[in-house]
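**Q** The structure under discussion is supplied below as structure tokens; questions concerning it will follow.
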Amino acid sequence: MKKSMYLVVSIFLALLFSGCAGSYMVKVPNNVVQPSQEKATIVFMRSSFVLAAIGVEVFEVNDGKLSFVGYLGNGSKIAHQTEPGEKVFMAFGGAADFMIANVKAGKTYYSIVRPNWGTGGFAPTPIRTDGTSNYNTDMSSFKNWVEKTKLYTTNPQEAQEWFVENKEKYVKIYDYYWPRFQTKNNAQIAERTLNPEDGL
């Protein structure tokens with residue numbers, strides 16, 4: 608009973624707080640990710656029937672400051688380009704969860720943003736290239752995720768306007784969930800870390 612109530616509350620909060628993609632997300636016509644030689648490209652993907660109706664916002668966090676990456680509806684992906692080095696990413700859809708990334712310029716990395724029953728939200732999860740985790744490039748699902756999800760990008764001006772309007776809310780969400788993520792042990796943090804060698 609408690610679990611059912613928790614799920615209902617999580618869905619309600621996700622619908623309440625999660626933004627609608629609206630006009631600030633634009634479909635990329637050729638559905639092809641274009642890598643950068645100067646930056647690292649991280650492709651965030653969503654593909655799950657579980658909680659499919661709930662949208663997820665993705666943010667990059669630098670020194671505790673959020674920048675908006677984009678909105679992920681089910682069956683979509685975002686190719687985010689960022690400076691090489693260590694990064695923190697937050698996904699919010701009912702609850703917030705995090706991924707650490709240590710990335711190299713010129714490489715393309717992948718993350719599956721999946722439902723997390725432990726938090727009631729969505730976990731941005733590294734996809735490995737060496738087959739050492741449950742989420743890796745050798746999975747048959749990986750090819751389907753890459754080929755069948757639709758690539759979106761932000762309309763920069765409208766996305767910025769949306770973020771300015773909603774920033775205070777997401778900063779509070781970050782301030783609440785980030786300390787909880789940091790209580791994970793070293794092995795759990797390692798599972799949520801995208802490593803340099805995970806790039807293609």
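Numbering of the sequence shown is given in the numbering used here, commencing with residue 608 and proceeding in unit increments. For every residue, glycine included, the Cβ atom is placed at its ideal position computed from N, Cα and C. In this text the structure is predicted, and so the values were computed from the model without any measurement.
#1: On the DSSP bridge assignment, give the partners of glycine 677 in chain order.
#2: Who are the near neighbours of phenylalanine 788 in its chain, counting only those whose CB is closer than 6 Å to its CB and skipping five residues on each side?
#3: Which residue wins for smallest C-alpha separation from isoleucine 796, given the options Thr761, Asn709, Glu667 and Gly692?
#4: Can you tell me the Cβ-Cβ gap for phenylalanine 699 and valine 663, rounded? I've got them flagged as a contact below 8 Å.
#5: Spatial neighbours of phenylalanine 644 within its chain, please: C-beta separation below 6 Å, excluding the five flanking residues on both sides.
#6: Counting beta carbon pairs with one atom in the region 631-649 and one in the region 685-694, are three or more of them shorter than 8 Å?
#7: Relative to the C-alpha of tyrosine 783, which residue among Lys684, Ala702, Lys774 and Arg721 is closest?
#8: Under 8 Å by Cβ, that's how I've got glutamate 765 and tyrosine 678 pegged, so tell me the actual separation to the nearest angstrom.
#9: Using beta-carbon positions only, say whether phenylalanine 750 and serine 654 come within less than 9 Å of one another.
#10: Are valine 639 and lysine 684 touching if we call contact CB-CB under 9 Å?
#11: Run through DSSP, which three-state label would tyrosine 631 get?
#12: Could you tell me the alpha carbon to alpha carbon distance between valine 753 and methionine 652, rounded to whole angstroms?
#13: Classify tryptophan 769 as buried or exposed, calling it buried when 16 or more other Cβ atoms lie within 10 Å of its own Cβ.
#14: Which stretch, first to last residue, makes up the beta strand (DSSP E) that contains valine 650?
#15: Can you pull the DSSP bridge partners for leucine 758?
#16: So who's on the other strand from asparagine 743, going by DSSP bridges?
#17: Check aspartate 670 in the structure and name its three-state DSSP category.
#18: Quick one, are the C-beta atoms of valine 635 and leucine 758 less than 9 Å apart?
#19: Could you tell me the distance, in whole angstroms, from the CA atom of lysine 779 to the CA atom of glycine 728?
#20: Following the continuous beta strand (DSSP E) through asparagine 723, name the residue where it begins and the one where it ends.
#21: Just to check my reading of the structure: isoleucine 707 and serine 718 have Cβ atoms closer than 8 Å, yes? What is that Cβ distance to the nearest angstrom?
**A** With the given structure in hand:
#1: Val665
#2: Same-chain partners within the cutoff: Phe705.
#3: When each option's Cα is compared against that of isoleucine 796, the closest is Asn709.
#4: 7 Å
#5: The sequence shown places glutamine at residue 644, not phenylalanine. Closer than 6 Å at Cβ, skipping near neighbours: Gly713.
#6: yes
#7: Ala702
#8: Actually they are not in contact, since the Cβ atoms of glutamate 765 and tyrosine 678 sit about 11 Å apart, beyond 8 Å.
#9: The sequence shown places lysine at residue 750, rather than the phenylalanine named in the question. Not a contact, by the Cβ cut-off of 9 Å.
#10: Result no, Cβ atoms of valine 639 and lysine 684 do not sit closer than 9 Å.
#11: Helix.
#12: 8 Å
#13: By the 10 Å Cβ count, tryptophan 769 comes out buried.
#14: 647-652
#15: Lys684
#16: Arg735
#17: coil
#18: yes
#19: Whole-angstrom Cα-Cα distance: 16 Å.
#20: Residues 715-723.
#21: That pair is no contact at about 11 Å.
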